[in-house]
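Chains as they are written, first to last, in our numbering: chain A, 60 to 339; chain B, 60 to 339. Even glycine gets a Cβ: it sits at the ideal position worked out from N, Cα and C.
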């Protein structure tokens, strides 16, 4: 089939590499409003040609939007305006706003809302890697509003990417994503800011940084262009989680300040239950 | 030389394995008030014999305390009471309280305050591994109060563990440790608690957990027995860092709530500067 990928960064590029390698697409057409990205993707070779949006959609059997959520909210209706029989899917980390936006579009059934839970803290076509999606989960949302053949095609694509497919409604998806993904990123961004601020007076503050610090702030390398609109579109859930998180930190702070060691010990022991769900 | 290790967990055990392998110690004597740990250490084989504190100190050329900081504060003066020519060192993550405690001890010069910045989120003699200290930093504090030969011996030990030796006064050490290590742990503990609490109502909240979540909460597997006294002994610094951290989170929260996307974007971009100091 002919696959069009809009957005040739980490997500779109990594998908292109493996979908070609695993025989899903015979031809991959790329669209990117950033000419440098577009040229790089073509030069790296994970797309066969670069063209404009209209031509790319018209030629395709399937279209994947792999751009930030704010851009997707604007572009998805325009892509649906252009489609005839094409299947359209996206890779955004928030789903409710997007689905609201196209709820009454005449081509709504040809669109399948997807969220592959994979990535790295890097971005751009240079960051695209084979195997990035392997063994991770992908969520398809509100599939009852999509054509059954469109869902089957998108499911088959994710299965070729070796992903576990989960079905969920978009409201639940956004709650889960806030707890499992969005808060981890804010936690890392804030931690990085805290230590970077201290560095202004303590030049050697990072001399002692070791593995624990590294893993906790790793996500703070993530792209502002990608994450700003995610937090904005999921703001009710994100602020709710942040309130709980800040409250837990405040508990630690107050117990520590008041030498309430038994309570600190109890909080840590309770948090240790996370062992049950961690992968390693 | 004969090396006595008090505390046969992750730190003491991992040190024992490599200090024997690399020829630092001919004989290693173990002390642990927990009989199960002591038996395990002997059975695993990283100590040659288990004996009581007094006998173990008397036989040793060097004594390493590798127990939690609250226990060290109590035990270090007793160990120093027992020594004749032995060199004594410790591996605690906070230093000021400990050094205050032995400041006027007649054997103070035979003690060298150390903090090897290495570890995993596991604990106990079963967690001990070869190579755990390799390529990490170790801090020796207030070495001007120690005998120059004692410092040289402890330095040589850490060099055999392939560690980079840094000298720092204990006050600065505790500030740095709060920013680079202690806050990362509280951040992870609180994040784990936040999501575990949500799980009470949302049974499948962890279904979507992926690599980003995993790395951010990894430290929440850490031992309450070890970390509670660290936070307590370093409480001024830890509460100061927590205040800054909570403040940064509150900024994110308020900007997100008020759709101030430019300010969110700016915070994230600022936090991205952490790339400069991360190891990979």
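query: Heavy atom of the ligand COA less than 8 Å from the Cβ of residue 74 of chain A, yes or no?
result: Judged by which ligands are present, the structure shown has none, so any question about the ligand COA falls away.
query: DSSP state of residue 213 of chain B, grouped into three classes?
result: helix
field: Three-pair Cβ contact test at 8 Å for the region 283-301 of chain A versus the region 151-169 of chain A
entry: yes
- prompt: Mapping DSSP to helix, strand and coil, what is residue 110 of chain B?
  reply: Looking at residue 110 of chain B - three-state DSSP - the assignment turns out to be coil, as it is neither helix nor strand.
Chain B residues whose Cβ lies nearer than 7 Å to that of residue 307 of chain A: 249, 252, 253
field: Closer than 9 Å to chain A by CB, residue 65 of chain B
entry: no
query: Are any of the Cβ atoms in chain A nearer than 9 Å to that of residue 184 of chain B?
result: By this cut-off, residue 184 of chain B is not an interface position.
field: Residue ranges of each beta strand (DSSP E) within the region 174-212 of chain B, 3 or longer
entry: 196-200
- prompt: Buried or exposed: which applies to residue 203 of chain A, given that a residue is buried once 16 or more other Cβ atoms fall within 10 Å of its Cβ?
  reply: exposed
message: Under DSSP, the beta strand (DSSP E) around residue 146 of chain A begins and ends at which residues?
response: 146-149
query: Which residues, in order along the region 197-227 of chain B, keep a beta-carbon less than 8 Å from a beta-carbon of chain A?
result: Cβ proximity to chain A below 8 Å picks out 198, 225 from the region 197-227 of chain B.
message: Counting only Cβ pairs nearer than 9 Å, list the residues of chain B close to residue 234 of chain A.
response: 257, 261, 264
message: I need the boundaries of the beta strand (DSSP E) containing residue 86 of chain B, first residue and last residue.
response: Bounds of the beta strand (DSSP E) holding residue 86 of chain B are 86-90.
- prompt: What number of angstroms, rounded off, separates the C-alpha of residue 87 of chain A from the C-alpha of residue 190 of chain A?
  reply: In this structure, the straight-line span from the alpha carbon of residue 87 of chain A to that of residue 190 of chain A is close to 18 Å.
query: If we cut at 9 Å on Cβ distances, does residue 148 of chain B have a partner in chain A?
result: no
Contact belief for residue 281 of chain B with residue 244 of chain B at Cβ below 8 Å, rounded distance in angstroms: Their Cβ separation, rounded to whole angstroms, is 6 Å, which keeps residue 281 of chain B and residue 244 of chain B in contact under 8 Å.
task: Taking only the alpha-carbon atoms, compute the straight-line gap between residue 210 of chain B and residue 216 of chain B and give it to the nearest angstrom.
output: If I take the Cα positions, the gap works out to 10 Å.
- prompt: Cβ of residue 301 of chain B less than 9 Å from any chain A Cβ?
  reply: yes
- request: Put residue 78 of chain B into one of helix, strand or coil per three-state DSSP.
  value: helix
task: For the region 89-108 of chain A and the region 265-282 of chain A, state whether three or more C-beta atom pairs, one from each stretch, are separated by less than 8 Å.
output: no
- request: Tell me, please, whether the CB atom of residue 298 of chain B is closer than 9 Å to any CB atom in chain A?
  value: yes
message: Using only CA atoms, which one of B/306, B/234, B/248, B/119 lies nearest to residue 273 of chain B?
response: B/248
task: Kindly confirm or deny that the region 135-145 of chain A and the region 114-122 of chain A touch, where touching means at least three C-beta pairs closer than 8 Å.
output: yes
- prompt: Can you tell me whether residue 180 of chain A is buried or exposed, with buried defined as 16 or more other CB within 10 angstroms of its CB?
  reply: buried
message: Tell me the rounded alpha-carbon separation between residue 234 of chain B and residue 318 of chain B.
response: 35 Å
Cβ of residue 328 of chain B within 9 Å of any chain A Cβ: yes
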